[in-house]
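All residue numbers for the sequence shown refer to full-length UniProt numbering, where the first residue is 1 and numbers rise by one.
Here a beta-carbon is modelled for each residue, glycine too, at the ideal position from N, C-alpha and C.
Okay, so here's the structure we're looking at.
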Amino acid sequence: MENFKLTNHFTIKGISAASGLVYSQNVLFVISDSSSFLYQFDIDRKLLLKFPLVKNAKENIEKENKPDLESITQHGNQLIMLGSGSTQKRNSMFTLDLGTDTLKTQDLTALYQKLKTIGSFTDNQLNIEGAIYAHQTMLLFQRGNSKNSRNGIFIIPNNQEEGIRFIPISLPTLDDIETTFTDAILIGDKIYFLACAENTESTYEDGEVLGTVLGIMHAPTFEIINVQLLSKHQKFEGITLYKESETEIKFLLCEDNDTETLETTIYQLTLKK
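See the structure below:
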């Protein structure tokens, strides 16, 4: 993976702690891990709309009460947003129909407890940071940034009677600390993922950021094909497909700079094919 270019694409005022994004028809949908709104940014008109996901939705929610929305993915006309599961208050899933604006909420406590059992995780080790829904299957990306935890992918078929699996994934290190998943998307038969190294042993407390890598994984086997260092000091937490041609592919990225400032920079990453 060579010949990549990372640039500041634009800034959105009104969002802090961006943690995931989906681009669709010149609209950027953004979630924040400290907010209970879904943000909708019209790129042409530079217009930001806020869609409340709960009654009395708030921004800059205190750490112990935040829903910690870390994953957003699109399936057809549906946007799916998930809490990380790292505390009892972070177990919600929201599904928004973009055609009708119908919002549904689901408590994932039972499912997340099942994931802990299957992956042999303690209550403070589960930390879902990315989601992909394809082929009647949900892939949830576990960020192994707590003590003795592991990176990996939960494979959850629509028919859970077929069995949920956990696939441990070994990721590269930065400054002798293993990077951990922060987001992933599926394009064709490849998974493009972000992974960050952070000097912390907690899913709850932030640590010194040591950098972010972009990796490419063969989707059918989860074999890592290539990895590229994107930054030595930034924590990129969201990735979405922006544009694709025969010669290059462009992504939009968001960064969680761990501040309460209501401003988010969106980056454009261009990769040569």
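Alpha carbon to alpha carbon, how far is residue j from residue i? Give it in angstroms, no decimals.
i: Leu38; j: Leu108; result: 19 Å
i: Thr95; j: Ser36; result: 13 Å
i: Ser84; j: Leu230; result: 24 Å
i: Lys273; j: Lys66; result: 39 Å
i: Tyr192; j: Asn56; result: 35 Å
i: Leu210; j: Ala110; result: 34 Å
i: Leu98; j: Gln142; result: 27 Å
i: Ile167; j: Thr117; result: 14 Å
i: Tyr112; j: Leu48; result: 32 Å
i: Lys63; j: Arg165; result: 30 Å
i: residue 286; j: Asn3; result: No information on residue 286 is available, as it lies outside the stretch 1 to 273 that the chain covers here.
i: Ala17; j: Glu255; result: 7 Å
i: Ser34; j: Pro220; result: 34 Å
i: Tyr133; j: Thr122; result: 25 Å
Since residue i and residue j should fall inside the 8 Å C-beta cutoff, what is the C-beta to C-beta distance between them, to a whole number of angstroms?
i: His218; j: Asp189; result: 7 Å
i: Phe41; j: Ile72; result: About 13 Å; that fails the 8 Å criterion.
i: Asn199; j: Ile177; result: 6 Å
i: Thr261; j: Gln234; result: Rounded, the Cβ-Cβ distance is 15 Å, inconsistent with contact.
i: Asp44; j: Asn26; result: 6 Å
i: Phe222; j: Ile169; result: 6 Å
Which of helix, strand or coil does DSSP assign to residue i?
i: Lys114; result: helix
i: Thr7; result: strand
i: Gln25; result: coil
i: Lys89; result: helix
i: Glu70; result: strand
i: Glu198; result: strand
i: Glu59; result: coil
i: Glu161; result: helix
i: Lys272; result: strand
i: Ala17; result: coil
i: Lys190; result: strand
i: Asp42; result: strand
i: Thr54; result: The sequence as given places Val at residue 54; Thr does not occur at that position. Val54: coil per DSSP, three-state reduction.
Going by C-alpha distance, which of the options is nearest residue i?
i: Leu53; options: Tyr133, Thr105, Asn145, Gly14; result: Thr105
i: Gly86; options: Phe121, Gln113, Gln125, Ala110; result: This sequence places Ser at residue 86; Gly is not what is there. If we check each option's Cα against that of Ser86, Gln125 comes out closest.
i: Leu6; options: Glu129, Tyr112, Ile239, Asn127; result: Ile239
i: Lys147; options: Thr264, Ile164, Asn127, Ile155; result: Asn127
i: Lys46; options: His75, Thr102, His9; result: His9
i: Ala195; options: Phe181, Leu253, Leu186, Leu269; result: Phe181
i: Val22; options: Lys50, Met81, Leu139; result: Met81
i: Lys89; options: Thr102, Leu69, Ala134, Lys58; result: Leu69
i: Met246; options: Leu271, Tyr267, Thr102, Leu253; result: A small correction: the amino acid at residue 246 is Glu; Met does not occupy that position in the sequence shown. Checking every option, the nearest Cα to that of Glu246 belongs to Leu271.
Minimum length 4: unbroken alpha helix (DSSP H) runs contained in the segment 221-260
For the segment 221-260, not a single whole alpha helix (DSSP H) run of length 4 or above is found.
Alpha helix (DSSP H) runs wholly inside the segment 96-140, at least 4 long, in chain order
Unbroken alpha helix (DSSP H) stretches of 4 residues or longer found wholly inside the segment 96-140: 109-119, given in chain order.
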